[in-house]
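For reference, the structure is listed below as structure tokens.
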Amino acid sequence: MELEQLLKSSLTRVQAPPDILERQAPKPRRYFWVPVLSMMAALAMLAVYIWPSERSLDIQPYLQQSAFTKTIHGESLQHVVMNDVDLFIASPKLHLRGGNSRWIQFPCSKQICLAACKRCTQAALVAAMSQEPRP
Amino acid sequence: MLQTEVALETYTDLVYSFALRFSGDPSRAADITQDIFLKLYSRIHEFRGESRFETWLYRIVANACIDEQRRRKPWLSILDFSFHHPALQEKNAIREQTAESVRKAISKLSPTLRVPVLLRYMEDLSYDEIGEVLNISPGTVASRLNRAHKILEQKLHGTRTTS
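For the record, the sequence lines run as chains A and B.
So in my numbering, spot 120 of the first sequence is number 120, and the numbers just go up one at a time.
So in my numbering, spot 83 of the second sequence is number 83, and the numbers just go up one at a time.
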């Protein structure tokens, strides 16, 4: 048998297994979402970080009128009354718990933590303040 | 996109056959086929119709086979011949044995010789078409096929006289 004939008869086309494309790995285009989602998450985190400093402009006028200092649990703490919301300027030693805090930068370069006031320390602070009349 | 995928899937047998004859192993052929289809799905937009679609397809298939061969660990080729896949067995044992010997001889050719042999004898492409696929001149195609013929002649001498 001639070599060329032998090659042609041996190299026949075969049928691919029917599920060959169904069992294929995920297509790479799906992975394009990974960097996109990562970037969106990073932007969201950045927005949360930046947002409170923008809010500080709104409460600045109230700060000068109603800020006063209180001593709570042996710590000196500035207290701001703004409508029906109590805000507390954290002292350096005040323990602020939780990772969900929102920080607001005041002109005096101190920071206030809304989440800590509402979730962690508000009850104790309100209880302590109720013993003294507000100015 | 769905139409494109359906259209591409009509070439599954072609791609799988080429990969199988190149690698000599069904599981490797399946892996190569899947890799090729991943490439086809992601690169189909690169096809601009300047050449025949089959030419473009053969180019991707040939490159994928050669790449897979390069990536492959050398010691794995020793294992290839220790397993015999039952799907490749046919009723006519002698004919199958001859064909198997031919395919085994082809699988031992270097990739630069193996690809033109497969394009010529399995896909029935002309020298010009093979040259277009591999981006080489028809003269180089003829030279490579000639070298492949000589090597195969030597390896298949016994086979040809018995068949």
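Ideal placement from N, C-alpha and C gives every residue a C-beta, glycine not left out.
What you are looking at is a predicted structure, and each value in this text was computed from that prediction instead of being measured.
I'd like the span of the alpha helix (DSSP H) that includes residue i, first residue to last.
| i | result |
| --- | --- |
| B:Ala-105 | 93-107 |
| B:Arg-48 | Per DSSP, B:Arg-48 belongs to no alpha helix (DSSP H) and is neither H nor E. |
| B:Asn-135 | Looking at the DSSP string, B:Asn-135 is not in any alpha helix (DSSP H), and its letter there is neither H nor E. |
| A:Leu-7 | 3-10 |
For residue i, return the contacting residues in chain A, with the cut-off set at a CB-CB distance below 8 Å.
| i | result |
| --- | --- |
| B:Ser-110 | Under the 8 Å cutoff, chain A gives no residues; its nearest Cβ is about 17 Å from B:Ser-110. |
| B:Arg-103 | Ser-10 and Leu-11 |
| B:Phe-47 | Per Cβ cutoff of 8 Å: no residues; B:Phe-47 is ~17 Å from chain A at best. |
| B:Asp-13 | Arg-13, Val-14, Gln-15 and Ala-16 |
| B:Glu-9 | Leu-21 |
| B:Gln-69 | Residues of chain A passing the Cβ test: none, with the nearest at roughly 17 Å. |
| B:Arg-21 | Leu-11 |
| B:Leu-156 | Leu-3 and Leu-6 |
Using a Cβ cut-off of 7 Å, pull out every chain B residue sitting near residue i, in sequence order please.
| i | result |
| --- | --- |
| A:Pro-17 | Ala-30 |
| A:Leu-43 | Under the 7 Å cutoff, chain B gives no residues; its nearest Cβ is about 27 Å from A:Leu-43. |
For a test of the three-state rule: what should DSSP assign to residue i, helix, strand or coil?
| i | result |
| --- | --- |
| A:Ala-16 | coil |
| B:Arg-120 | helix |
| B:Leu-71 | Leu is not the amino acid found at residue 71 of chain B; the sequence shown has Arg there. In the structure shown, B:Arg-71 sits in a helix (DSSP, three-state: H, G or I). |
| B:Asp-25 | coil |
| B:Tyr-11 | coil |
| B:Glu-153 | helix |
| B:Ser-126 | coil |
| A:Leu-21 | coil |
| B:Ser-110 | coil |
| B:Leu-20 | helix |
| A:Ser-130 | For A:Ser-130, the pLDDT reaches just 44, beneath the cut-off of 50, and the residue's location in the model is therefore unreliable, although a value from the coordinates is still provided. Three-state result, A:Ser-130: coil. |
For residue i, return the contacting residues in chain A, with the cut-off set at a CB-CB distance below 9 Å.
| i | result |
| --- | --- |
| B:Ser-17 | Leu-11, Thr-12, Arg-13, Val-14, Gln-15 and Ala-16 |
| B:Leu-57 | Within 9 Å Cβ-Cβ: nothing; B:Leu-57 doesn't reach chain A, min ~14 Å. |
| B:Ala-99 | Leu-6, Ser-9, Ser-10, Leu-11 and Thr-12 |
| B:Val-117 | Leu-7 and Leu-11 |
| B:Tyr-127 | Here the premise fails: no neighbours, minimum Cβ distance about 13 Å. |
In chain A, which residues lie less than 7 Å from residue i when you measure between Cβ atoms?
| i | result |
| --- | --- |
| B:Glu-153 | Leu-3 |
| B:Arg-114 | Within 7 Å Cβ-Cβ: nothing; B:Arg-114 doesn't reach chain A, min ~11 Å. |
| B:His-149 | Leu-3 |
| B:Thr-33 | Ala-16 and Ile-20 |
Between residue i and chain C, is the shortest Cβ-Cβ distance under 8 Å, so that the two count as touching?
| i | result |
| --- | --- |
| B:Gly-131 | Although the question refers to chain C, the structure presented lacks it and instead comprises the protein chains A and B. |
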